[in-house]
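S.K.:
Protein chains: 2
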Amino acid sequence: MPDGSQKKPSRIQKHNRRVILDAALDVFSQHGFRGATLDQIATEAGLSKPNILYYFQGKEDIHLTLLSQLMETWLDPLVELDPNGDPQTEILDYVQRKLDMARDLPRESRLFAGEILQGAPRMGPHLERDLKPLFDEKCAVIAHWINTGKIAPLDPQHLIFSIWATTQHYADFAAQVSVLLGSQTDPHQRASDHLKAMFSGMLRPPACD
Amino acid sequence: MPDGSQKKPSRIQKHNRRVILDAALDVFSQHGFRGATLDQIATEAGLSKPNILYYFQGKEDIHLTLLSQLMETWLDPLVELDPNGDPQTEILDYVQRKLDMARDLPRESRLFAGEILQGAPRMGPHLERDLKPLFDEKCAVIAHWINTGKIAPLDPQHLIFSIWATTQHYADFAAQVSVLLGSQTDPHQRASDHLKAMFSGMLRPPACD
DNA sequence: AAAAAATTTTACCATTTGGTAAATCCACGA
DNA sequence: TCGTGGATTTACCAAATGGTAAAATTTTTT
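Chains as they are written, first to last, in numbering that gives the first Met the number 0: chain G, 0 to 208; chain V, 0 to 208.
#1: Locate the alpha helix (DSSP H) running through L126(G), then write down its first and last residues.
#2: Of all the options S182(V), P49(V), T165(V), which has the alpha carbon lying nearest to the alpha carbon of A196(V)?
#3: Report yes or no: do three or more beta-carbon pairs, one from the region 159-173 of chain G and one from the region 94-114 of chain G, lie closer than 8 Å?
#4: What are the start and end residues of each continuous alpha helix (DSSP H) run of 4 or more residues lying completely inside the region 77-118 of chain V, in chain order?
#5: Under 7 Å Cβ-Cβ, which residues of chain G neighbour F172(V)?
#6: Do L194(V) and F134(G) have their C-beta atoms closer together than 8 Å?
#7: Determine the extent of the alpha helix (DSSP H) in which A151(G) is found, giving its start and end residues.
#8: C207(G) by DSSP, collapsed to three states: which one?
#9: Given this structure, state the Cα-to-Cα distance separating G118(V) from P124(V), to the nearest angstrom.
#10: Relative to the C-alpha of I162(V), which candidate in Q95(V), S47(V), E71(V) has its C-alpha closest?
#11: For D154(G), count neighbouring Cβ atoms within 10 angstroms of its own Cβ and tell me buried if that reaches 16, exposed if not.
#12: Compare the beta carbon distance of P204(G) and I150(G) with 8 Å and say whether it is the shorter of the two.
#13: Specify, as a first and last residue, the run of the alpha helix (DSSP H) that D25(G) falls within.
#14: Please return the same chain residues whose Cβ sits closer than 7 Å to the Cβ of K48(G), not counting the five positions on each side in sequence.
#15: Which term fits H14(V), buried or exposed, when burial requires 16 or more other beta carbons within 10 angstroms of its beta carbon?
#16: Can you name the start and end residues of the alpha helix (DSSP H) that S161(G) belongs to?
#17: When DSSP labels each residue in this structure, what does D192(V) get in the three-state scheme?
#18: Can you give me the Cβ contacts of L24(V) inside the same chain, cut-off strictly under 8 Å, excluding the 5 residues immediately before and after it?
#19: Indicate the three-state DSSP secondary structure (helix, strand or coil) for T184(V) in the structure shown.
#20: Which value, in whole angstroms, describes the spacing of the CA atoms of Q29(G) and L126(V)?
#21: Using only the alpha-carbon positions, how far apart do C207(G) and A101(G) sit?
#22: With 16 as the cutoff for other CB atoms within 10 Å, does S182(G) come out buried or exposed?
#23: Check each candidate in L91(V), G148(V), S191(V), K131(V) and name the one with the smallest Cα separation from Q175(G).
#24: Could you work out which residues of chain G lie near D154(V), taking near to mean beta carbons separated by less than 8 Å?
#25: Could you spell out the range, first to last residue, of the alpha helix (DSSP H) harbouring L37(V)?
#26: To the nearest angstrom, how far is the alpha carbon of F16(V) from that of G45(V)?
#27: Take D85(G) as the anchor and find which of L104(G), H157(G), D185(G), H143(G) has the nearest alpha-carbon.
#28: What residues of chain G sit near E127(V), judged by a beta carbon separation below 7 Å?
#29: With a threshold of 8 Å between beta carbons, is F134(G) in contact with chain V?
Next comes the structure, spelled out in structure tokens:
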């Protein structure tokens, strides 16, 4: 009897949990926690509602499971920021990784955005425990790059915010972006080029003398 | 008998509609359309549910009214971007106006963000009709500034996206920002300084020779 | 193949939700 | 001051929602 069991899951169990989480990601990312319904998730997953509650303790459990799994993926690009690499390259590559993630995992981006937008009621602790230490660590790395004159003197904390904002924008505000760009050739490449130019411009040390 | 009436509204009518819309802004911006309930809005407004439905045709009507009213406010800062002003100043001032709006109208920002996040189901037409023409117009202005060498050659469309993203981030992701910044002195001023430095850096024409 | 365990379905249930009908209250102009 | 129309409340309702109990079915183990 699964749901909260500690036994190793059968293959049918693993399969169904994955199917449910995938369906739930669809629904939660589109309607938010309170706007999503178990019936919707069940229909999307091709299972009955009670069957879903056989695998998860409830709606909240599904949502929390999704957010927990997501956190890892979400932090990964920042983890890879190498203190020993070339500062400009490291930051530009980080921007690129985040942008690629917005393209490849838009549902995850929106799930995350929705949760934060609503005040992070179910993720506050995760942010504090997992994100904050990493954030502080990488801010220190950037601060060091600045102090040694490798990049322009920007506020590290807010620089990271700006990177998150500009990249995730393409997933979270896709509906607006697509209206405004119309049918354009390879918007992702354009976005990538723009962000590269933008961050290159602002990062290059200020004086040319 | 109000709700859809064309008569001029009494002062009590005007007052209650305003109270309801203010309460609804709270609730919708926090829970999204589907997650919000009329009971919540009623409680927040200090009115009974049927009384609310006396002033609005239904939940959707309230939401739509909010979005319509918001659109005007939302476009305003961009409208003010002056083709005849100094390019650098104009853009930096625009950034500042947007940032101030994120600070002063966070609920509105989140309402908008939530609607877009969910695919703009009730606002697609508004975007197409009101936002797109203005967006195209101002992109042309920026393109002209670039062509005459006044600012660095950035993609106008994506530059505007980046301005929106970086400024609205402080309202939409406030829950995350506050966790990561901790209790810091005047985060808004820091954000303002950062954005100014950042956009100054990227806008200044590339070569110093 | 039989027993045991895991999985799925059927039939519910209490609560919440958006919304309505009609009775009542109340402000205000004649 | 009294009538009238706007404003508000009371009492509902049908549908949807999160969730449960237990029977039925399938899978796995012996």
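Glycine included, every Cβ here is placed at the ideal spot set by N, Cα and C.
M.R.: Working from what's here:
#1: Here residue 126(G) refers to the residue found at position 127 when the first sequence is read from its first residue. Segment: none, L126(G) is in no alpha helix (DSSP H) and carries neither H nor E.
#2: Translated into positions along the second sequence, residue 196(V) becomes position 197. With distances taken between Cα atoms, A196(V) lies closest to T165(V).
#3: yes
#4: 86-103, 105-116
#5: Stepping through the second sequence from its first residue, residue 172(V) is reached at position 173. Chain G residues near F172(V): I115.
#6: Locating residue 194(V) in the second sequence gives position 195, where the first residue counts as 1. Locating residue 134(G) in the first sequence gives position 135, where the first residue counts as 1. No, Cβ-Cβ distance for L194(V) and F134(G) is not below 8 Å.
#7: If you number the first sequence from 1, residue 151(G) lands on position 152. Per DSSP, A151(G) belongs to no alpha helix (DSSP H) and is neither H nor E.
#8: As a first step, residue 207(G) is located in the first sequence; it is residue number 208 there, counting from the start. Only weak support exists for where C207(G) lies, its pLDDT of 46 falling under 50; the value from the coordinates is given anyway. It is coil, neither helix nor strand.
#9: Along the second sequence, read from residue 1 onward, the residue named residue 118(V) stands at position 119. Along the second sequence, read from residue 1 onward, the residue named residue 124(V) stands at position 125. Cα-Cα distance, rounded: 12 Å.
#10: Translated into the one-based positions of the second sequence, residue 162(V) becomes position 163. If we check each option's Cα against that of I162(V), Q95(V) comes out closest.
#11: In the first sequence, residue 154(G) corresponds to position 155, counting from 1. Per the 10 Å Cβ criterion, buried.
#12: For the purposes of this step, residue 204(G) is taken as residue 205 along the first sequence, with counting starting at 1. For the purposes of this step, residue 150(G) is taken as residue 151 along the first sequence, with counting starting at 1. The answer is yes: Cβ separation under 8 Å.
#13: Position 26 of the first sequence, counted from the start, is the residue given in the question as residue 25(G). Its alpha helix (DSSP H) spans residues 10-34.
#14: Within the first sequence, numbered from 1, the residue matching residue 48(G) stands at position 49. If we look at K48(G) and ignore the five residues flanking it on each side, its Cβ neighbours are L37, D38, A41.
#15: Working through the second sequence from its first residue, we reach residue 14(V) at position 15. So H14(V) counts as exposed.
#16: For this step, residue 161(G) is matched to residue 162 along the first sequence. 155-171 is the extent of the alpha helix (DSSP H) around S161(G).
#17: To locate residue 192(V), count along the second sequence from 1; it is residue 193. In the structure shown, D192(V) sits in a helix (DSSP, three-state: H, G or I).
#18: Translated into the one-based positions of the second sequence, residue 24(V) becomes position 25. Same-chain partners within the cutoff: L65, R106, E107, L110.
#19: Here residue 184(V) refers to the residue found at position 185 when the second sequence is read from its first residue. In the structure shown, T184(V) sits in coil (DSSP, three-state: anything other than H, G, I, E or B).
#20: The count along the first sequence starts at 1 and reaches residue 29(G) at position 30. The count along the second sequence starts at 1 and reaches residue 126(V) at position 127. Their Cα atoms are separated by approximately 19 Å.
#21: Stepping through the first sequence from its first residue, residue 207(G) is reached at position 208. Stepping through the first sequence from its first residue, residue 101(G) is reached at position 102. Reliability of the predicted coordinates at C207(G) is poor, the pLDDT of 46 falling under 50, and no value is obtained from them.
#22: As a working note, residue 182(G) is residue 183 in the first sequence. Its Cβ having fewer than 16 others within 10 Å, S182(G) is exposed.
#23: As a working mapping, residue 175(G) is identified with position 176 in the first sequence. It is K131(V).
#24: By one-based count along the second sequence, residue 154(V) stands at place 155. What D154(V) touches in chain G: R189, D192, H193, A196.
#25: To locate residue 37(V), count along the second sequence from 1; it is residue 38. Looking at the DSSP string, the run of the alpha helix (DSSP H) that includes L37(V) is 37-44.
#26: As a position in the second sequence, residue 16(V) is number 17, starting the count at 1. As a position in the second sequence, residue 45(V) is number 46, starting the count at 1. According to the sequence shown, residue 16(V) is Arg rather than Phe. Cα-Cα distance, rounded: 12 Å.
#27: Walking along the first sequence from the start, residue 85(G) turns up at place 86. Ranking L104(G), H157(G), D185(G), H143(G) by Cα distance to D85(G) puts H143(G) first.
#28: Position 128 of the second sequence holds residue 127(V). Result: V178.
#29: Position 135 of the first sequence holds residue 134(G). Closer than 8 Å to some Cβ of chain V, the Cβ of F134(G) qualifies, so yes.
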